[in-house]
Structure formats: structure tokens, C-alpha cells
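Structure first, commentary second.
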Amino acid sequence: YDANGDGMLDAQEFEDLKQQILQQQRSNMTNNINADDVISGFDKDGDGKLSANELAQACNISFQEAQNIILQYDANGDGMLDAQEFEDLKQQILQQQRSNMTNNINADDVISGFDKDGDGKLSANELAQAC
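Taken in order, the sequence shown gives residues 27 to 157; the numbers are from this note's numbering.
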């Protein structure tokens with residue numbers, strides 16, 4: 027990512043690195059979650075849906091939290107999450123994560139925060155200390 031070969035990352039080089047990392051994270055998040063696979067993996071009674079109890083166990087959350095999630099995403103009102111409802115939940119979570127990743131990282135802010143010598147670039151040492 028050190029395009030000019032000076033051994034440091036300037037703001038644009040850091041932005042390029044950040045975008046590559048974010049793209050990999052987005053891809054991993056999206057590729058690793060398949061609603062049907064998730065439901066079949068946690069659907070203890072085999073009905074093709076997640077009950078509040080199954081969701082709570084799968085996500086390591088309280089029964090009440092699982093009920094609240096189901097109330098929010100249970101489009102057909104049966105008290106459980108089917109594959110499409112789970113997909114809607116998953117997409118909402120992924121959208122929030124993408125937004126958080128993108129909004130929380132600004133190259134100029136990051137560089138100014140970690141640029142100890144004030145040259146506008148991150149040396150390998152400064153980057154290592156930041157991470």
C-alpha cells in the first residue's frame with residue numbers, strides 16, 4: 027500500500043488500505059451468513075423456524091432479548107423467525123455494521139491521531155503502535 031515507496035503511508039495510501047480491509051470484512055460478513063444454514067443449524071425442533079428460545083441459545087442472548095427481536099422482525103406474526111425474516115434481520119445487522127465501519131474510520135482523522143512526528147504520514151512504527 028506504500029505506493030510511492032517512501033516506507034510510510036500518507037492519507038491516500040492509508041485510505042486505500044482502509045478500503046481494502048473494509049471490503050474484505052464486508053465480504054466475509056456477507057459470505058459467512060446464510061439464513062437457511064443458520065436456521066437449520068439452530069432449529070432444534072426442525073420446523074424451519076427459530077423460536078425465541080432457539081434464537082436466544084444461538085445468539086447467546088436472553089430469552090427476553092430474543093422475543094424483542096422476533097417481535098421486530100416477525101412479519102407474518104407467528105412468533106418465530108422463518109428464513110426470510112431471519113434474512114431481513116441479518117441484512118439489517120450487516121447494514122449497521124457496514125455503516126459503523128465506514129463512518130467510524132476517516133483517514134485524515136486516523137493519521138492525525140497516530141502520526142506522532144506530525145509529518146502527515148504513518149510510519150511502520152506509528153501504524154504498529156496504533157494497531
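Note that CB positions come from ideal geometry on N, CA and C, so glycine has one too.
Contact between the region 144-154 and the region 104-114 is absent: fewer than three C-beta pairs spanning the two stretches fall below 8 Å. Nearest C-alpha to phenylalanine 40 among Gln50, Asp28, Gln49, Asp32: Asp28. Counting every other CB atom within 10 Å of its CB across the protein chains shown gives phenylalanine 112 a total of 16 or more, marking it as buried. The region 31-100 contains, as complete alpha helix (DSSP H) runs of 4+ residues, the segments 37-58, 61-68, 78-85, 89-99 (chain order). Using a 10 angstroms sphere on the CB of serine 138, the tally of other CB atoms stays under 16, which defines it as exposed. Annotated as distal: glycine 72 and isoleucine 65, with beta-carbon spacing of 8 Å or more. Rounded to whole angstroms, the separation of the alpha carbons of glycine 33 and leucine 120 is 35 Å.
Each of Leu43, Glu152, Ala82 was checked against the Cα of glutamine 93, and the nearest Cα belongs to Ala82.
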